[in-house]
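Peer 1: First the structure, which I've put down as structure tokens, then a few questions once you've had a look.
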Amino acid sequence: MACVKRIVLDVLKPHQPNGLEFSLAIADKSPSARVKLTVATVDEKTETVVIEVEGSNLDYQAIHDVIAGLGASIHSIDEVEVESTAEPEAAG
Amino acid sequence: MACVKRIVLDVLKPHQPNGLEFSLAIADKSPSARVKLTVATVDEKTETVVIEVEGSNLDYQAIHDVIAGLGASIHSIDEVEVESTAEPEAAG
Amino acid sequence: MACVKRIVLDVLKPHQPNGLEFSLAIADKSPSARVKLTVATVDEKTETVVIEVEGSNLDYQAIHDVIAGLGASIHSIDEVEVESTAEPEAAG
Amino acid sequence: MACVKRIVLDVLKPHQPNGLEFSLAIADKSPSARVKLTVATVDEKTETVVIEVEGSNLDYQAIHDVIAGLGASIHSIDEVEVESTAEPEAAG
Amino acid sequence: MACVKRIVLDVLKPHQPNGLEFSLAIADKSPSARVKLTVATVDEKTETVVIEVEGSNLDYQAIHDVIAGLGASIHSIDEVEVESTAEPEAAG
Amino acid sequence: MACVKRIVLDVLKPHQPNGLEFSLAIADKSPSARVKLTVATVDEKTETVVIEVEGSNLDYQAIHDVIAGLGASIHSIDEVEVESTAEPEAAG
Amino acid sequence: MACVKRIVLDVLKPHQPNGLEFSLAIADKSPSARVKLTVATVDEKTETVVIEVEGSNLDYQAIHDVIAGLGASIHSIDEVEVESTAEPEAAG
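Residue numbers (this note's numbering), protein chains in the order written: chain H, 48 to 139; chain D, 48 to 139; chain F, 48 to 139; chain W, 48 to 139; chain B, 48 to 139; chain A, 48 to 139; chain V, 48 to 139.
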């Protein structure tokens, strides 16, 4: 089995909740993780932010649900890093 | 629960108090923190500065109040880094 | 004998499965490997991604088969790193 | 209480005293500090220099007075880094 | 005597064998070496690749012969690093 | 008292003595120092070089005298780094 | 006395001997040195290469003689690094 170690998301969000509250909400659902939010562009009612989440075993679905629950949407998954353990899965 | 480790603010301030006094005022309300202020643009009566605060558990509200109390305003939160502890919060 | 330590692939893929699922599928067939996927360009029905796989002894055929099995195609092998052991092979 | 760890000044100075004498004069009034002076632009009678002072607890007023005493003027404080200790000040 | 530690070659090759097979073939003839191949430009029937070989004592003739044996040609030797031992050779 | 740790000079010199002889002459008068000379621009009879001298306690006057003694002139002192010891000088 | 630790030369050479043979010849006359040759520009009959030699005590005359003996010429000495020992030479 492979674990997700890092994911970079391009997210369109309303101005509220602000980037700090947004980051804290994601971190609250991601144990032992680091969340970094950077504002990319600001429009009248929305802003595009890049959210990088790092951890030992991230739960993408939980991250997705927090983002959707705050009225924002994931534009794209820009980067992903995963690591596999020593044993391969049985051939599919 | 998640802690705020780093925050980068875009701030519009009058020339006085100067950047040094401004930084010291923020640091005085942020225990065990490091404050870095960089001047971005200078206008006749105001200047735009980038303020980066790093610490183990920053109190954004305290930082916000110091900045407002000195006659300046936060234009935007440009970057945020937060870290969560090992245990997730109960689902909301 | 020489081992493949790192390979960087330029891959054209449909939007689904997304980059996360794509990376996990490659990692599941590559024991003790690290997979990093970065989106390069996005078109209406497809996207070009750069996939970097690092490990101690990568199996290129397995990686190729996973990518093909997900409806994507390898455009080019952009970078390769291999290491040889101390003894040379008998001259061919 | 917070300490000033680093300060970057934009200074307009006459050609004499030269950058070396200028730096030594600042250092003489700043115990355990490192002073770095870089020439930015040179005009007929003056030059603009960037002066970076690093130390464990810098005294800005002393630095200011040395600079003024040598016939130069601080154009702006370009960067400041301060650190606070563990205990916050009583609320102001 | 001096040893070759690193060599960077500009090579024109047919598309087949691909970069992976090409790198493995060079590594098989270079004990304890690391081979890195990067694609520079792709044409209809050929591609130009940069091949960097690092090792403790590379055999350039062997590398040259592998490349020629695969239908490719060395355009130029772009970089070379050699190291000499403590004793100089007798004057030539 | 403060010590000069590093100085970067912009120097106009004749082609002879060459950069190597020039550097050695400066080093011979600067105990325990490292001298790095880089050619910036070359004209018909002169060249502009950047000379960086690093040491624990540089003697600028000695460096200046060597440069002048070789028929060259210091255009400007581009960078200076000095360090002060723990005790401040008595106020001037 | 000061030692030459590093020297960067701009050299015009014929295509033969090639960069590898050229580097080995320099290294053979420079005990305990590292020679790095990089091709800068290629013309019909000649090429300009940058040769960087690093060692604990380089002999420039020997390097110069090897280069001249191979039909090439040193255009310029681009960089020099020398180090002096703790004792200054007696004043000249």
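Even for Gly, the Cβ is constructed at its ideal location relative to N, Cα and C.
On a predicted model such as this, the values are computed, not experimentally measured, just so you know.
In chain order, what residues of the same chain lie with their CB nearer than 8 Å to the CB of residue 79 (chain H), ignoring the 5 residues before and after it?
Peer 2: Here residue 79 (chain H) corresponds to residue number 32 of the first sequence, with the count starting at 1. Around residue 79 (chain H): 102, 103.
Peer 1: Between which two residues does the alpha helix (DSSP H) holding residue 70 (chain D) run?
Peer 2: As a first step, residue 70 (chain D) must be located in the second sequence, where it is residue number 23. It spans 66-75 - the alpha helix (DSSP H) in which residue 70 (chain D) sits, taken as one unbroken run.
Peer 1: Can you grab the Cα-Cα spacing for the pair residue 72 (chain A) / residue 97 (chain V), in whole Å?
Peer 2: As a first step, residue 72 (chain A) is located in the sixth sequence; it is residue number 25 there, counting from the start. As a first step, residue 97 (chain V) is located in the seventh sequence; it is residue number 50 there, counting from the start. Roughly 25 Å between the two C-alpha positions.
Peer 1: To be precise: take each residue of the stretch 70-85 of chain W, compare its Cβ to all Cβ atoms of chain A, and keep it if any distance is under 9 Å. Which residues remain?
Peer 2: For the stretch 70-85 of chain W, which is checked against every Cβ of chain A, the residues closer than 9 Å are 70, 71, 72, 73, 74, 75, 76, 77, 78, 79, 80, 81, 82, 83, 84, 85.
Peer 1: Kindly indicate if chain H contains any beta-carbon less than 8 Å away from that of residue 118 (chain F).
Peer 2: Position 71 of the third sequence, counted from the first residue, corresponds to residue 118 (chain F). No - not a single Cβ of chain H is within 8 Å of the one on residue 118 (chain F).
Peer 1: In angstroms, rounded to a whole number, what distance separates the CA positions of residue 47 (chain A) and residue 54 (chain B)?
Peer 2: In the structure as shown, chain A begins at 48 and stops at 139. Residue 47 (chain A) is therefore absent and cannot be evaluated.
Peer 1: State yes or no: is the beta carbon of residue 142 (chain F) nearer than 8 Å to at least one beta carbon in chain B?
Peer 2: In the structure as shown, chain F begins at 48 and stops at 139. Residue 142 (chain F) is therefore absent and cannot be evaluated.
Peer 1: Can at least three beta-carbon pairs, one atom from the stretch 125-133 of chain A and one from the stretch 62-70 of chain W, be found at a separation below 8 Å?
Peer 2: Taking 8 Å as the limit for Cβ pairs, the verdict is that the stretch 62-70 of chain W does touch the stretch 125-133 of chain A.
Peer 1: Between residue 101 (chain B) and chain G, is the shortest Cβ-Cβ distance under 8 Å, so that the two count as touching?
Peer 2: In the displayed structure, chain G is absent; the protein chains listed are H, D, F, W, B, A and V.
Peer 1: Would you kindly work out how many angstroms separate the C-alpha atoms of residue 105 (chain F) and residue 84 (chain F), rounded to a whole number?
Peer 2: Here residue 105 (chain F) corresponds to residue number 58 of the third sequence, with the count starting at 1. Here residue 84 (chain F) corresponds to residue number 37 of the third sequence, with the count starting at 1. Going from the Cα of residue 105 (chain F) to the Cα of residue 84 (chain F) covers about 16 Å.
Peer 1: Which residues of chain B have a Cβ atom closer than 9 Å to the Cβ of residue 49 (chain F), listed in chain order?
Peer 2: Stepping through the third sequence from its first residue, residue 49 (chain F) is reached at position 2. What residue 49 (chain F) touches in chain B: 70, 71, 72, 73, 74, 75, 77, 80, 82.
Peer 1: Would DSSP call residue 133 (chain D) helix, strand or coil?
Peer 2: The residue given as residue 133 (chain D) occupies position 86 in the second sequence. Coil.
Peer 1: Scan the stretch 55-68 of chain B for residues whose Cβ lies nearer than 8 Å to a Cβ of chain F and list them as they occur along the chain.
Peer 2: Here the close residues are 65, 66, 67.
Peer 1: Just the chain B side, please: which residues come within less than 8 Å of residue 130 (chain F) by C-beta, in chain order?
Peer 2: As a working mapping, residue 130 (chain F) is identified with position 83 in the third sequence. Here the neighbours are 74, 80, 81, 82.
Peer 1: Which residues of chain W have a Cβ atom closer than 8 Å to the Cβ of residue 96 (chain A), listed in chain order?
Peer 2: In the sixth sequence, counting from the first residue as 1, residue 96 (chain A) sits at position 49. What residue 96 (chain A) touches in chain W: nothing, since even the nearest Cβ is about 16 Å away.
Peer 1: Would you kindly report the start and end of the unbroken beta strand (DSSP E) that includes residue 57 (chain F)?
Peer 2: Translated into the one-based positions of the third sequence, residue 57 (chain F) becomes position 10. Taken as a continuous stretch (DSSP letters only), the beta strand (DSSP E) holding residue 57 (chain F) covers 49-61.
Peer 1: If the cut is a Cβ gap below 9 Å, which residues of chain W does residue 89 (chain D) touch?
Peer 2: Here the question's residue 89 (chain D) lines up with position 42 in the second sequence. The answer, in chain order, is 123.
Peer 1: Tell me which residue opens and which closes the beta strand (DSSP E) that residue 87 (chain F) is part of.
Peer 2: The residue labelled residue 87 (chain F) in the question sits at position 40 within the third sequence. It spans 81-89 - the beta strand (DSSP E) in which residue 87 (chain F) sits, taken as one unbroken run.
Peer 1: For residue 109 (chain A), which residues in chain W fall below 7 Å Cβ to Cβ?
Peer 2: Working through the sixth sequence from its first residue, we reach residue 109 (chain A) at position 62. By Cβ distance, chain W contributes nothing, its closest Cβ being about 13 Å from residue 109 (chain A), past 7 Å.
Peer 1: Relative to the alpha-carbon of residue 99 (chain F), which residue among F:132, F:120, F:81 has its alpha-carbon at the smallest distance?
Peer 2: As a first step, residue 99 (chain F) must be located in the third sequence, where it is residue number 52. Residue F:81 is the option with its Cα nearest to residue 99 (chain F).
Peer 1: Measure the alpha-carbon distance for residue 113 (chain H) versus residue 132 (chain H) and round it to whole angstroms.
Peer 2: As a position in the first sequence, residue 113 (chain H) is number 66, starting the count at 1. As a position in the first sequence, residue 132 (chain H) is number 85, starting the count at 1. Whole-angstrom Cα-Cα distance: 28 Å.
Peer 1: Determine the closest residue to residue 95 (chain B) out of B:108, B:59, B:107, B:66, with distance taken between C-alpha atoms.
Peer 2: As a working mapping, residue 95 (chain B) is identified with position 48 in the fifth sequence. Minimum Cα distance to residue 95 (chain B) is reached at B:59.
Peer 1: What residue from W:117, W:75, W:91, W:48 has the CA that sits closest to residue 51 (chain A)'s CA?
Peer 2: As a position in the sixth sequence, residue 51 (chain A) is number 4, starting the count at 1. Measuring from the Cα of residue 51 (chain A), the nearest candidate turns out to be W:75.
Peer 1: State buried or exposed for residue 89 (chain F), treating a residue as buried only when at least 16 other CB atoms are found within 10 Å of its CB.
Peer 2: Stepping through the third sequence from its first residue, residue 89 (chain F) is reached at position 42. So residue 89 (chain F) counts as exposed.
Peer 1: Within 10 angstroms of the Cβ of residue 77 (chain V), are there 16 or more other Cβ atoms? Answer buried if so, exposed if not.
Peer 2: Within the seventh sequence, numbered from 1, the residue matching residue 77 (chain V) stands at position 30. So residue 77 (chain V) counts as buried.
Peer 1: With a threshold of 8 Å on Cβ separation, who are the neighbours of residue 49 (chain V) within its own chain once the five nearest residues in sequence on each side are excluded?
Peer 2: Reading the seventh sequence from its first residue, position 2 is the one you call residue 49 (chain V). The residues are 129, 130, 131, 132.
Peer 1: Consult DSSP for residue 125 (chain B) and reduce its assignment to one of helix, strand or coil.
Peer 2: Within the fifth sequence, residue 125 (chain B) is the residue found at index 78, counting from 1. Note: residue 125 (chain B) maps to strand in three-state DSSP.
Peer 1: Quick check: the Cα distance between residue 62 (chain H) and residue 123 (chain F), rounded to an integer number of angstroms?
Peer 2: Mapped onto the first sequence, residue 62 (chain H) falls at position 15. Mapped onto the third sequence, residue 123 (chain F) falls at position 76. Taking the straight line joining both Cα atoms gives about 41 Å.
Peer 1: What residues in its chain sit with their C-beta under 7 Å from that of residue 86 (chain B), if we drop five residues either side in the sequence?
Peer 2: Against the fifth sequence, residue 86 (chain B) aligns to sequence position 39. Excluding positions up to five away in sequence, the list reads 66, 94, 96.
Peer 1: With a CB to CB cut of under 8 Å and the five nearest residues on each side skipped, what residues in its chain are close to residue 64 (chain D)?
Peer 2: Taking the second sequence and counting its residues from 1, the one referred to as residue 64 (chain D) is at position 17. Same-chain partners within the cutoff: 72, 117.
Peer 1: Hey, how far is the Cα of residue 120 (chain D) from the Cα of residue 91 (chain H)?
Peer 2: As a first step, residue 120 (chain D) is located in the second sequence; it is residue number 73 there, counting from the start. As a first step, residue 91 (chain H) is located in the first sequence; it is residue number 44 there, counting from the start. About 19 Å.
Peer 1: Near residue 107 (chain B), which residues of its chain fall below 8 Å by C-beta distance, leaving aside the five closest residues on each side in sequence?
Peer 2: Here residue 107 (chain B) is taken as the residue at index 60 of the fifth sequence, counted from 1. Excluding residues within five positions, the ones whose Cβ falls inside 8 Å are 51, 54.
Peer 1: Using the Cα positions of residue 115 (chain A) and residue 56 (chain A), report the straight-line distance between them to the nearest angstrom.
Peer 2: Here the question's residue 115 (chain A) lines up with position 68 in the sixth sequence. Here the question's residue 56 (chain A) lines up with position 9 in the sixth sequence. Going from the Cα of residue 115 (chain A) to the Cα of residue 56 (chain A) covers about 13 Å.
Peer 1: In the DSSP assignment, what residue or residues form a beta bridge with residue 98 (chain H)?
Peer 2: For this step, residue 98 (chain H) is matched to residue 51 along the first sequence. Partner(s): H:56, H:84.
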